[in-house]
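In my numbering, the protein residues as written are 3 to 161.
As structure tokens, the structure follows; a few thoughts come after it.
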């Protein structure tokens with residue numbers, strides 16, 4: 003059996019951006035939460051696929067929190083990084099930053115959430131994913147928090 007080489011958080015990190023248009027919003031100009039969740043799921047899926055270099059499917063979304071509204075004309079970018087890996091699962095932290103292009107203000111955090119993916123082979127069977135090589139205390143903290151979410155979810159399924 004061959005050894006799977008560990009990968010760093012930076013090797014799979016992704017930043018995906020989009021300008022919010024009228025088709026993304028309601029008649030009041032507020033962007034639908036589902037539009038942003040779709041952006042987050044797509045970007046997080048790319049980060050997960052980069053980590054394992056195989057097909058991935060969304061298995062779970064945890065702690066999706068809306069911090070700020072997003073409006074037509076805002077620029078949003080979704081920053082995704084792998085935080086935890088199990089045997090065949092990959093947890094990704096998705097952070098959405100919002101920028102009002104008409105103001106001279108830095109981007110602010112609008113949404114955060116954790117997306118868990120399962121890596122699949124060409125037959126749709128779960129496959130092992132590379133371990134995560136942690137490079138600093140922040141990555142170690144996020145990994146431990148992800149491990150705790152993983153264990154809590156596993157325990158709740160066994161009940």
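In this text, a Cβ means the ideal position worked out from N, Cα and C, and glycines have one as well.
In the structure shown, what three-state DSSP assignment does residue i receive?
| i | result |
| --- | --- |
| residue 140 | helix |
| residue 130 | coil |
| residue 121 | strand |
| residue 156 | helix |
| residue 44 | helix |
| residue 151 | helix |
| residue 27 | strand |
| residue 52 | helix |
| residue 39 | helix |
| residue 3 | Here residue 3 scores only 37 on pLDDT, less than 50, and its place in the model should not be relied on; the value that follows carries that caveat. The answer is coil: DSSP assigns residue 3 none of H, G, I, E or B. |
Quick one: what's residue i bridged to in DSSP?
| i | result |
| --- | --- |
| residue 116 | 64, 95 |
| residue 77 | 21, 101 |
| residue 72 | Its beta-bridge partners do not exist; DSSP assigns none. |
| residue 83 | 95 |
| residue 16 | 82 |
| residue 135 | 10 |
Taking residue i and residue j to be in contact with their CB atoms under 8 Å, please state how far apart those CB atoms are, rounded to whole angstroms.
| i | j | result |
| --- | --- | --- |
| residue 100 | residue 92 | Not really, about 26 Å apart at Cβ, beyond 8 Å. |
| residue 122 | residue 59 | 6 Å |
| residue 152 | residue 86 | 6 Å |
| residue 2 | residue 94 | Any answer about residue 2 is impossible in this case: the structure gives the chain only from 3 up to 161. |
Using the beta-carbon count (16 or more within 10 Å), is residue i buried or exposed?
| i | result |
| --- | --- |
| residue 22 | buried |
| residue 6 | exposed |
| residue 118 | buried |
| residue 65 | exposed |
| residue 49 | buried |
| residue 28 | exposed |
| residue 105 | exposed |
| residue 158 | exposed |
| residue 9 | buried |
| residue 162 | The chain is shown only over 3 to 161; residue 162 falls outside these bounds and no answer can be derived. |
| residue 154 | exposed |
| residue 17 | exposed |
Does the beta-carbon of residue i, which I'm using as the reference point, lie nearer than 7 Å to any heavy atom of the ligand MG?
| i | result |
| --- | --- |
| residue 35 | Absence of the ligand MG is noted for the structure shown, with no ligands found whatsoever. |
Closest Cβ-Cβ distance between residue i and chain D: below 8 Å?
| i | result |
| --- | --- |
| residue 27 | Looking for chain D here will not work: only one protein chain is present. |
- request: Would you check if the segment 107-115 and the segment 134-153 touch, i.e. whether three or more CB-CB distances between them fall below 8 Å?
  value: no
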